[in-house]
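Here's the structure we're looking at; comments come further down.
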Amino acid sequence: MRILTRGDVLELLTLRDCIVAVENAFRLHAEGRTLGPGVLAVPAEGGGFHVKAAGLVGERSYFAAKTNANFPDNARRYGLPTIQGTVVLADARTGELLAVMDSGSVTALRTGAATAVAAKFLARPDARSATIVGCGVQGEIQLGAIAAVLPLQHAWVLDTDHARAEGLAARAQANLGIRVEAGKDLRSALRGSDVCVTCTPSRRPFVSRDDVAAGTFIAAVGADHRGKQELEPTLVASSTLVVDVLEQCA
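As numbered in our numbering, residues 19 to 268 make up the sequence shown, in order.
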């Protein structure tokens, strides 16, 4: 059995590797070659816990169970990551325990990779502009993931903490080789974008139907728990909705 820290995972797994792996996992799921996913959510003061489990059946079959703690105020209050937890990986044919690893790094990469796979097949292939709302760890990964599958030339990044948006804009522009601006006017940014990704803990919708043009690809990543909402109901009702596991989507 291997034990992998957050640093180990980030050293071994690149975002592009993760995009390929997630696309393969979606394909196996569509082919009925997965072990039924299960989800347990446990709310707690200031955050909550998620327990998720699933498996893939292929040339080699694996089962994994992930326990994540999600506490949005961790960085500000304690200097800790928002997401912390573990993944336990086992051989799905024998039950042999193969690895225990940090889940924060896996979760961050996997979430960005899932958006990238969706954008690859659902966004316009000539999409050149994007808006990212929420400039934490996930916002940075989301922008890199979108840029890996679409010919982006320009992006706006926005956050309630404008200094954080400016920091992400500087890093992303240097790393991705595209123009990245720290925006202040969300509506203006959205109207100029082919892609919109929201990754915030918001419980009040802030993207409306009038904010986006027809054909815009939207990934509402932050609304991952009961009570969270980033998109107004009119926008959701007028959109074509595509999900990975229908039973897990509200």
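In this text, a Cβ means the ideal position worked out from N, Cα and C, and glycines have one as well.
Next on the checklist: Do residue 186 and residue 153 count as a contact pair if the criterion is CB distance below 8 Å?
Outcome noted: yes
Item to check | Sufficient close CB pairs (3 or more, under 8 Å) joining the stretch 115-132 to the stretch 157-173 | outcome: yes
Item to check | Where the beta strand (DSSP E) containing residue 108 begins and where it ends | outcome: 101-109
Checklist entry - What residue from 75, 20, 234 and 267 has the CA that sits closest to residue 110's CA? => result 75
Next on the checklist: Need the endpoints of the beta strand (DSSP E) that residue 66 sits in, please.
Outcome noted: 65-74
Item to check | Closest residue to residue 106 among 116, 213 and 29 (Cα-Cα distance) | outcome: 116
Next on the checklist: According to DSSP, is residue 39 part of a helix, a strand, or is it coil?
Outcome noted: helix
Next on the checklist: Classify residue 70: buried if its beta carbon has 16 or more other beta carbons within 10 angstroms, exposed otherwise.
Outcome noted: buried
Item to check | Assigned exposure category for residue 160 - 16 Cβ within 10 Å defines buried | outcome: buried
Next on the checklist: With distance defined between alpha-carbon atoms, name the residue in 66, 50 and 64 nearest to residue 72.
Outcome noted: 50
Next on the checklist: Given this structure, state the Cα-to-Cα distance separating residue 177 from residue 265, to the nearest angstrom.
Outcome noted: 31 Å
Checklist entry - So, does the CB of residue 249 fall closer than 8 Å to a CB anywhere in chain C? => result Looking at the structure shown, chain C is missing, and only one protein chain is on hand.
Item to check | residue 84 burial status per 10 Å Cβ neighbour count (16 or more: buried) | outcome: buried
Next on the checklist: Once the 5 residues before and after residue 261 are set aside, which same chain residues still bring their CB inside 7 Å of it?
Outcome noted: 267
Checklist entry - Is it true that the CB of residue 249 sits closer than 8 Å to the CB of residue 225? => result yes
Item to check | Alpha carbon of residue 202 to alpha carbon of residue 211, nearest angstrom | outcome: 15 Å
Item to check | Those residues which DSSP pairs with residue 20 across a bridge | outcome: 117
Next on the checklist: DSSP three-state label for residue 139, please.
Outcome noted: helix
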